[in-house]
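Chemist: Before I ask anything, here is the structure I am working with.
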Amino acid sequence: MGKFDALFEDEDDIFAGTPQSKFWDIRKQLSDDLFEDEFDNLVERLAIMEMMLSETHNYEDLDKIIAGYRYTDLGKVEELKKSTYMELAGQLIYRVSE
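Following the numbering used here, the residues of the sequence shown are numbered contiguously, the last one being 1030.
Structure representation (structure tokens):
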């Protein structure tokens, strides 16, 4: 279960939209510099995860491995995706309030 699963029980009531749509609503309120910095952090995290995965798998096969894994438990992937959007939105809000 993701960190924010309890928030998704009735996401339309709580957020008046999905975690994804709320993330993009928040993004529209931010300066480009702030968003670009957070996006760079996300890309760095992705690069590190790819490096870690490549330690046990052939780097050229990573796209196929990731695509295949996606379908092993699509529901769990979707829940983690929602949690990730919420985490990113929280980080953006935190950065604005600094």
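We put the CB at the ideal spot given by N, CA and C, even for glycine.
Using the beta-carbon count (16 or more within 10 Å), is Ala1021 buried or exposed?
Modeler: buried
Chemist: Could you check how far apart the C-beta atoms of Leu1024 and Leu962 are, in whole angstroms? I think they sit under 8 Å.
Modeler: 6 Å
Chemist: Using only the alpha-carbon positions, how far apart do Leu985 and Asp957 sit?
Modeler: CA-CA distance, Leu985 to Asp957, rounds to 32 Å.
Chemist: Runs of 4 residues minimum, wholly inside the stretch 937-1016: which ones carry the alpha helix (DSSP H) assignment?
Modeler: 943-947, 951-960, 964-986, 994-1002
Chemist: Between the C-alpha atoms of Thr1004 and Tyr991, what's the straight-line distance to the nearest angstrom?
Modeler: The straight-line gap from Cα to Cα measures roughly 20 Å.
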